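2 protein chains.
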Amino acid sequence: MAAANGDACRSVGGVPRPTNPMVTPLLTDLYQFTMAYAYWKAGKHLDRAVFDLYFRKNPFGGEFTIFGGLEECIRFIANFKFTEEEIKFLRSVMPACEDDFFEYLRSIDCSDVEVYAIPEGYAVFPKVPLMRIEGPVAFSHTSRLCCLPQVVQLLETPFLSLVNYASLVTTNAARHRLVAGKSKNLLEFGLRRAQGPDGGISASRYCYMGGFDATSNVAAGRLFGIPIRGTHSHAFVSSFMGLDEITDKTLTSSDGSNTCEDFISLVQNWLIRIQDSSSLHGTFGETSQSELAAFTSYALAFPNSFLALVDTYDVMRSGVPNFCAVALALNDMGYKAVGIRLDSGDLAYLSVEARKFFHAVEKEFVVVGFGKTSITASNDLNEETIDALNKQGHEVDAFGIGTYLVTCYAQAALGCVFKLVEINKQPRIKLSEDVMKVSIPCKKKCYRLYGKEGYPLVDIMTGEDEPGPKIGERLLCRHPFNESKRAYVVPQHVEELLKCYWPGNSSNSREELPSIHEIRTRCIHHLDRMRPDHMRRLNPTPYKVSVSAKLYDFIHFLWLNEAPVGELQ
Amino acid sequence: MAAANGDACRSVGGVPRPTNPMVTPLLTDLYQFTMAYAYWKAGKHLDRAVFDLYFRKNPFGGEFTIFGGLEECIRFIANFKFTEEEIKFLRSVMPACEDDFFEYLRSIDCSDVEVYAIPEGYAVFPKVPLMRIEGPVAFSHTSRLCCLPQVVQLLETPFLSLVNYASLVTTNAARHRLVAGKSKNLLEFGLRRAQGPDGGISASRYCYMGGFDATSNVAAGRLFGIPIRGTHSHAFVSSFMGLDEITDKTLTSSDGSNTCEDFISLVQNWLIRIQDSSSLHGTFGETSQSELAAFTSYALAFPNSFLALVDTYDVMRSGVPNFCAVALALNDMGYKAVGIRLDSGDLAYLSVEARKFFHAVEKEFVVVGFGKTSITASNDLNEETIDALNKQGHEVDAFGIGTYLVTCYAQAALGCVFKLVEINKQPRIKLSEDVMKVSIPCKKKCYRLYGKEGYPLVDIMTGEDEPGPKIGERLLCRHPFNESKRAYVVPQHVEELLKCYWPGNSSNSREELPSIHEIRTRCIHHLDRMRPDHMRRLNPTPYKVSVSAKLYDFIHFLWLNEAPVGELQ
């Protein structure tokens with residue numbers, strides 16, 4: 000595998016541009032600009048605005064989410080700058096706005112913005128900010144151009160667009176990994192059904208991050224250094240009429256010591272031996288010759304990695320015997336066939352039958368290990384179907400998953416939001432008749448507290464100036480909105496969750512952006528570390544998210560203060 | 000609105016590059032390359048391979064689909080060429096392949112490929128090819144490099160990736176238009192919840208194509224010349240503390256004849272008059288001053304297009320009266336406020352109450368037309384909720400729709416497939432135990448037949464060499480797989496559906512790629528022209544798709560010929 004493109008263009012000091020060149024400061028909702036203008040017009044010289052990016056509910060009926068998309072957000076702000084052409088376009092869209100405003104837009108970048116975030120690949124939970132974005136005052140060359148909170152406001156839509164789907168599909172991948180088990184190979188095959196080309200590329204990236212082993216998507220493999228897998232399609236099989244179409248029949252042995260001049264005859268002989276064998280006798284009759292031709296042709300092209308799609312005609316009466324004939328011929332030449340792929344029918348039953356056949360071949364022809372030939376299954380797989388296969392019993396080694404994985408069919412969107420929590424040092428709360436939608440005010444710190452057994456017990460949010468939780472010290476954790484839900488915790492380990500990824504003008508050091516492989520490892524590790532009852536598919540236990548007693552009191556003081564008192568009429 | 004970027008770079012002879020720079024020949028599944036290599040290794044010198052791109056089932060429980068994505072496919076093939084870097088990467092992924100194969104890849108383009116397609120924006124139906132892709136032999140500089148079907152095979156994944164989501168979301172938009180009715184304004188607000196940045200940009204484009212009026216997405220507006228809309232968010236409202244934050248209070252009248260030095264006082268006076276008015280008396284008490292400040296500030300910035308989000312605090316007790324105060328003050332200065340947006344709560348009830356309030360204001364203060372002030376609704380809208388609003392009765396003029404629209408939440412993927420139907424002039428059929436999945440073989444022509452009342456009656460597929468249907472001539476249309484389903488039709492108008500969009504080396508002329516606005520008009524026209532029972536939400540009548548008697552016989556001859564005969568054991 001060549002070095003990942005993404006890594007190659009990463010330099011020590013700088014941060015590369017967003018992976019998708021379409022991610023520019025214009026990739027946002029118009030109202031971000033109209034609001035920016037209204038702020039600017041109002042002459043609101045704000046000291047500091049703090050926004051939290053978070054979600055309210057875990058997807059897919061589960062109790063966890065994996066955070067994805069952070070690196071792209073950092074790439075976005077690191078390169079945030081309007082081009083002249085973009086300014087010109089904005090001017091045409093907002094013709095009533097004063098020229099100075101466009102001068103202001105021309106001048107801004109994100110050098111003064113601070114971004115704190117939970118590391119990508121972490122398990123994350125509702126209401127806890129994934130990112131905290133803060134825009135301090137920037138004094139530009141004229142006093143009119145001095146308020147930067149607009150810049151922070153301008154980040155809302157791009158950040159949401161970069162985080163929402165990334166986190167959703169990473170989570171979906173992780174869920175597929177959990178149900179498939181650690182020993183299975185998981186292959187992402189979704190490009191053709193993904194939501195747009197970039198949907199496909201993002202899907203491949205984040206599925207790998209969430210624990211998949213490889214993708215079929217060549218462009219994603221190139222961009223991110225993800226292993227790429229693929230064999231052939233039904234069309235390849237049906238494009239062959241017969242063995243006489245193959246003109247070059249020679250195959251040199253694996254060690255180069257000899258050449259088989261007529262590999263086709265070798266395959267045909269093996270097919271006859273399989274047909275004549277006592278243990279396999281009667282399980283099949285004539286196999287498809289066009290299929291045999293396709294397999295032979297593919298094996299001649301890829302003797303080291305022969306994997307055949309066996310369901311074009313009939314899996315057990317044609318595909319599997321044909322595969323075995325080619326695989327045994329390859330074995331004669333010192334090559335080990337990889338396996339078969341099943342893309343239709345009763346995958347549990349067929350995988351079991353194919354496995355029996357492989358074992359019978361191993362026994363009959365004394366080919367050690369043939370019984371373990373790999374079986375890949377595909378065809379509209381998802382969490383439910385894999386779970387059903389598990390319950391039924393199957394012999395599948397690898398799953399190729401497409402549509403349901405990449406489109407997140409079971410829930411096509413994660414509802415991340417970007418809410419103002421403080422402005423001018425004044426905490427702000429967003430009220431709603433739906434308690435779920437009430438925001439948690441204040442610039443906050445967030446901690447994950449671990450218990451004796453090493454599991455994370457609870458996430459806790461505190462005010463910025465509160466002392467952090469301490470190992471071994473008893474601490475009251477309160478549900479942010481339900482006064483009766485509270486618990487004392489004595490943490491054995493405390494992890495501060497929000498780390499500095501973009502220090503702005505502050506002197507804080509910036510966290511490195513790890514490679515996709517490191518994030519994947521982190522994600523797998525995180526899932527391992529969670530208490531299993533949070534992770535199970537049916538009725539998982541919610542992971543606890545809490546606030547400090549002090550923050551609890553403040554939230555409710557602010558809430559009562561701001562909420563209108565109803566009048567029953 | 001500036002000229003669309005997409006149109007600007009369109010030249011007469013050439014076809015511009017794909018909109019998304021990430022759409023390259025590597026945006027495909029690895030197996031397309033491994034198959035290409037196996038074909039090449041087998042020395043299969045094929046005359047001609049024909050593939051059909053079609054879907055098997057209409058999405059969203061409906062009986063129609065709108066075809067989208069054609070222009071991007073044509074852009075893709077027009078610019079299909081591997082770069083040296085891409086070749087180098089492929090070599091690293093397939094190290095076992097011979098050098099000559101990469102020479103071959105280096106040499107290919109799509110100049111010899113023919114693409115026939117149904118025009119973008121047409122209503123389309125299951126099994127009828129949306130596109131027919133044909134790859135003839137290309138003789139390159141060495142005889143080894145002479146088989147092009149691989150190129151056609153290489154188009155499978157990119158074409159599916161460009162058509163699947165495009166058609167799905169166009170159809171979703173069209174369905175939202177049908178349920179909302181023609182008189183409503185439909186605004187696409189989905190960028191932040193879309194599946195990746197390009198998912199968002201594609202969504203905006205194809206929602207407009209499917210009948211939406213505008214988008215919030217600035218980048219899409221710029222790329223495609225789509226009208227852009229937007230106002231402000233809850234965060235804008237809650238970022239204001241009070242009216243004293245507004246420093247510049249002056250507003251010049253619409254005609255420039257006079258300037259109000261203290262627009263804030265004007266607003267405050269109007270608020271008192273509304274509060275004191277007999278007809279509005281008692282409906283509200285104190286309104287939120289931070290909300291009033293936000294509205295006033297926004298009106299000062301955009302006096303010509305003042306639209307206020309009125310649900311941050313309380314719609315009827317704060318938002319609507321505050322809006323009216325600002326709107327009446329604007330009215331004094333010769334400006335007409337646009338309206339309000341409701342983003343939570345009981346949208347039907349609130350829109351009716353707000354309308355009553357507007358009418359009362361019109362009557363009380365004699366402001367002609369104020370009762371018709373526009374009401375926009377947003378907040379997790381979809382087909383079902385709009386249908387429910389319609390049934391309940393509402394006063395909404397415009398719908399802002401996001402998540403459910405752009406992610407196609409109700410069905411997140413359209414299952415377009417790309418199937419081989421002919422090779423070397425030999426028709427190919429893909430068999431399956433599921434009749435739905437059996438492909439219709441042969442290179443085909445497709446016609447839409449119209450009846451006396453102007454409605455399309457049936458689509459019919461025929462063999463390439465069959466004479467086409469004739470106006471006034473009785474014709475037998477047969478269901479492709481159900482022998483008892485057949486009907487005689489006397490078409491009043493016959494439309495050949497597959498038109499030449501990429502003539503390859505043939506002398507056929509190439510259809511122009513129309514502008515997005517033309518496609519949108521075509522789509523709206525098409526939906527109008529369909530018989531209403533095909534389009535209704537509940538239990539729509541399936542539109543008939545048929546084959547000629549001759550093609551029917553041939554399909555079944557081929558099917559019997561190729562299908563294995565089962566053996567019951």
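Chains as they are written, first to last, in numbering that gives the first Met the number 0: chain A, 0 to 568; chain B, 0 to 568.
Heads up, the beta-carbon is just placed ideally off N, CA and C, and yes, glycines get one too.
None of the values given here were measured: they were computed from a predicted structure.
Asked	Found
Since I believe M93 of chain A is in contact with T169 of chain A (beta carbons under 8 Å), could you give me their beta-carbon distance rounded to a whole number of angstroms?	Going by Cβ atoms, the distance from T169 of chain A to M93 of chain A rounds to 36 Å, so no, they are not a contact pair.
Using the beta-carbon of each residue, which ones in chain A are nearer than 9 Å to R427 of chain B?	A234, S237, S238
With 8 Å set as the bound, which would you pick, yes or no: does the beta-carbon of R477 of chain B sit closer than that to a beta-carbon of chain A?	no
Looking at K362 of chain B: is its Cβ nearer than 8 Å to the Cβ of S277 of chain B?	no
Kindly indicate if chain B contains any beta-carbon less than 8 Å away from that of F32 of chain A.	yes
Return the residues of the stretch 148 to 180 of chain A that lie within a Cβ-Cβ distance of less than 9 Å from chain B, sorted by chain order.	P148, Q152, E155, T156, P157, F158, L159, S160, L161, N163, Y164, A165, L167, V168
Is the Cβ of R74 of chain B closer than 8 Å to any Cβ of chain A?	no
Rounded to the nearest angstrom, how far is the Cβ of Y30 of chain B from that of S547 of chain A, given a contact under 8 Å?	So it is not a contact: roughly 54 Å between Cβ atoms.
Could you spell out the range, first to last residue, of the beta strand (DSSP E) harbouring M460 of chain A?	455 to 462
Using beta carbons (cut-off 8 Å, strictly below), is V22 of chain B in contact with chain A?	yes
Report the residues of the stretch 439 to 469 of chain B with a CB closer than 8 Å to any CB of chain A, ordered along the chain.	none
If I measure Cβ to Cβ from R485 of chain A and keep anything under 7 Å in the same chain, skipping five residues before and after, which residues do I get?	L475, C476, R477, H478
Could you list which residues in chain B have their beta carbon closer than 8 Å to that of D28 of chain A, in chain order?	F188, L190, R191, S215, N216, V217, G229
Please name the residue in A:D527, A:W501, A:R131 whose C-alpha comes closest to that of D108 of chain A.	A:W501
If I'm right that A359 of chain A touches I339 of chain A with Cβ under 8 Å, what's the distance once you round it to whole angstroms?	Contact doesn't hold; Cβ gap of about 15 Å is too wide.
Could you name the residues that DSSP lists as bridge partners for I132 of chain B?	B:F50, B:V114
In the DSSP assignment, what are the bridge partners of G338 of chain A?	A:L306, A:S373
Which residues of chain B have a Cβ atom closer than 9 Å to the Cβ of L299 of chain A, listed in chain order?	A37, K40, A41
Verify the CB distance criterion: does K126 of chain A have a CB-CB separation below 8 Å to chain C?	Looking at the structure shown, chain C is missing, and the protein chains on hand are A and B.
Under 8 Å between the Cβ atoms of E382 of chain B and H533 of chain B?	no
Using the Cα positions of G42 of chain B and T249 of chain A, report the straight-line distance between them to the nearest angstrom.	13 Å
Run through chain A and tell me which residues come within less than 9 Å of C407 of chain B, C-beta to C-beta.	Q194, T406, A411
Only counting the same chain, and skipping five residues up and downstream in sequence, which positions put a Cβ closer than 7 Å to that of C259 of chain B?	T249, L250, L265, M332
Compute the Euclidean distance between the alpha carbons of I200 of chain A and E482 of chain B, then round it to the nearest angstrom.	44 Å
Is there a Cβ from chain A that is less than 8 Å from the Cβ of T402 of chain B?	yes
How would you call E83 of chain B, buried or exposed, if buried means at least 16 neighbouring beta carbons within 10 angstroms?	exposed
For P440 of chain B, which of B:K451, B:E421, B:V489, B:A165 has the nearest alpha-carbon?	B:E421
Would H492 of chain B be called buried (16 or more neighbouring beta carbons within 10 Å of its own) or exposed?	exposed
To the nearest angstrom, report how far apart P157 of chain B and R191 of chain A are at their CA atoms.	7 Å
Could you round the C-beta distance between N163 of chain B and C415 of chain B to whole angstroms and report it? I think they count as a contact, below 8 Å.	5 Å
Mind the definition here: the stretch 377 to 394 of chain B touches the stretch 343 to 350 of chain B only if three or more C-beta pairs lie below 8 Å; say whether that holds.	yes
How about N19 of chain B: is its C-beta nearer than 8 Å to some C-beta of chain A?	yes
Check the Cβ of A376 of chain A against every Cβ in chain B and list those closer than 9 Å, keeping chain order.	Result: empty, since nearest Cβ-Cβ is about 16 Å, beyond 9 Å.
Quick one: Cα of K549 of chain A to Cα of A412 of chain A, how far?	34 Å
Would the beta-carbon of F79 of chain A fall within 8 Å of that of L89 of chain A?	no
State the DSSP-derived secondary structure class of C96 of chain B, mapped to helix, strand or coil.	coil
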